[in-house]
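Undergrad: Just so you know, the sequences run in chain order C and W. Numbering of the first sequence is given in our numbering, commencing with residue 1 and proceeding in unit increments. Numbering of the second sequence is given in our numbering, commencing with residue 1001 and proceeding in unit increments. I'd like to ask you about the structure that follows.
There are 2 protein chains.
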Amino acid sequence: MSEIDTVRKDFVELWGSMGHFWGISPTTARIYSWLLSRSEPADTDEIMEGLELSRGAVSMACRELREWHLILPERVSGSRRIAYRPATDLEKVIRNIVEIRKRREWDPILESLREWIPQLQTDGSSEAAVFRQRLEDLESLIARSDSMVKVFLRGGVVGKLGLKMLVKAAHDEATRADTAESQNRETRN
Amino acid sequence: MSEIDTVRKDFVELWGSMGHFWGISPTTARIYSWLLSRSEPADTDEIMEGLELSRGAVSMACRELREWHLILPERVSGSRRIAYRPATDLEKVIRNIVEIRKRREWDPILESLREWIPQLQTDGSSEAAVFRQRLEDLESLIARSDSMVKVFLRGGVVGKLGLKMLVKAAHDEATRADTAESQNRETRN
DNA sequence: TTGTTGTTTCAAAATTTATTGAAAGTTCTA
DNA sequence: TAGAACTTTCAATAAATTTTGAAACAACAA
């Protein structure tokens, strides 16, 4: 087994076990990493053979990868067959993932919190007051994180160049959010 | 059912379903959120009753929560019983989680990548060259993200105040990392 | 030391999540 | 329109993860 095959195998395995972290299934993650390890795009049959997966599994996983914009389908010339090419702008890839997860997972939390807080105000008990305070702190923290994520999604992120922009933009965003929000949290911290 | 109980129920349920996102089991997440919703600490029996869990499940979950520093055990006076109080500095809570997950999940990836890249250099094929280039990009991205996370872990993060520090510190960190690293990436994007 | 109170452990059971594979569906060519 | 070449779907199956519960263990008081 040549060097590249050894590394490929380990890489695919590691990536597969990380799928959980990104919120995608192991198989889906393995397919993406396997495509990344190849210089040419691959079609369904090649993926099936390369990773020992069923046709259905490959189809499902590729659908997910397409939704996340992690792979690009291409027609193989002179055939109806579709081959997949992995997206290689990794920063964009991460942005895609963060954006989708934010929408699916964070946004609903903020909505719920904003619904619950006023509901707790109708309950006069001190227990409710403590609970409400904690939910408010949580709302505030998530809202501030949300601002940072929005900035992240707009610009180049992790690079040094993007950093100054990040600060300024995050500040603007936070200021805007705070102004729109109720003002009674100014003195806390 | 009073207002607080309704909200508590929904909150616990939501938090439980989010456990996956944080990499903790639903029960563990539910216990933490249930504690957050109460003004007083709770002992094993109260948690068991409040969330309809077995003794063993509560013990396991609380052990995990303790490891993550999400709850603090306290002796109930005049008894051997232990009651748990939730950590309420949520920013610190998030830092704890990020720190542990970084160590467990990210650090090993960087290590592996740094092992694989030189291995691929012994393979002269163009396929290996493409693969190696992608791994290098990945290494670079993760290393830069890592710098930001380190900064995040050191300071107040999400608040407006911490932001300026974040920029400066991230810049310093990145500069330091780059200098220590091999220099052959300077011109890349 | 013994009994009581409370906690932890871990193999087995339940639940959840991921994968398969065969059948149904789609698109293209002739 | 018929047939070939692929792709997608989804109920059934397999795998992984979570939870249980009873037994073992630990701490303390008498």
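Backbone N, C-alpha and C define an ideal beta-carbon position, used for all residues, glycine too.
#1: So with Cβ pairs under 8 Å, would you call ILE1004/W a contact of chain C?
#2: For ALA83/C, report the span of its beta strand (DSSP E) as first-last.
#3: Should ILE1047/W go down as buried or exposed, given a rule of 16 or more other Cβ atoms within 10 Å for buried?
#4: Between the beta-carbon of LEU1053/W and the beta-carbon of THR1027/W, is there less than 8 Å?
#5: So with Cβ pairs under 8 Å, would you call ALA128/C a contact of chain W?
#6: Taking VAL12/C and TRP1116/W to be in contact with their CB atoms under 8 Å, please state how far apart those CB atoms are, rounded to whole angstroms.
#7: Taking 8 Å as the CB-CB cut-off, is GLU1105/W touching chain C?
#8: Buried or exposed for SER126/C, please, with buried defined as at least 16 other CB atoms from any protein chain shown within 10 angstroms of its CB.
#9: Do you know whose CA, among TRP1034/W, HIS1069/W, ALA1128/W and SER1059/W, lies nearest GLU1091/W's CA?
#10: Kindly list the residues whose CB is nearer than 6 Å to the CB of ASP1043/W, restricted to its own chain and excluding five residues on each side of it in sequence; keep chain order.
#11: Would you kindly work out how many angstroms separate the C-alpha atoms of ARG134/C and VAL76/C, rounded to a whole number?
#12: Roughly how many whole angstroms lie between the Cα atoms of LEU113/C and GLU49/C?
#13: So GLU99/C and LEU153/C are in contact, right, with Cβ under 8 Å, and what is the actual spacing, rounded?
#14: Reducing DSSP to helix, strand and coil, say where ILE24/C ends up.
#15: Which of the three DSSP states, helix, strand or coil, is assigned to PRO1041/W?
#16: Going by DSSP in three states, LEU53/C sits in which element: helix, strand or coil?
#17: Please name the residue, chosen from ASP107/C, TYR32/C, SER79/C and ARG55/C, that lies closest to ARG85/C on a Cα-to-Cα basis.
TA: Once the coordinates are examined:
#1: Interface residue, yes.
#2: Where ALA83/C is concerned, the enclosing beta strand (DSSP E) stretches over 82-86.
#3: Counting the other CB atoms within 10 Å of its CB gives ILE1047/W a total of 16 or more, which places it among the buried residues.
#4: Yes.
#5: With 8 Å as the cut-off, ALA128/C counts as an interface residue toward chain W.
#6: Rounded to the nearest angstrom, the Cβ distance from VAL12/C to TRP1116/W is 12 Å, too far for a contact under 8 Å.
#7: Cβ-Cβ to chain C under 8 Å: yes for GLU1105/W.
#8: Looking at its Cβ environment, which holds fewer than 16 other Cβ atoms inside 10 Å, SER126/C is exposed.
#9: For GLU1091/W, the nearest C-alpha among the options comes from HIS1069/W.
#10: Cβ neighbours of ASP1043/W beyond the five flanking positions: ARG1081 and ALA1083.
#11: Cα-Cα distance, rounded: 56 Å.
#12: Note on geometry: alpha-carbon atoms of LEU113/C and GLU49/C lie some 48 Å from one another.
#13: With a Cβ gap of about 5 Å, GLU99/C and LEU153/C count as contacting.
#14: Note: ILE24/C maps to coil in three-state DSSP.
#15: In this structure, PRO1041/W counts as coil in the three-state DSSP scheme.
#16: Note: LEU53/C maps to coil in three-state DSSP.
#17: Among ASP107/C, TYR32/C, SER79/C and ARG55/C, the Cα nearest to that of ARG85/C is on TYR32/C.
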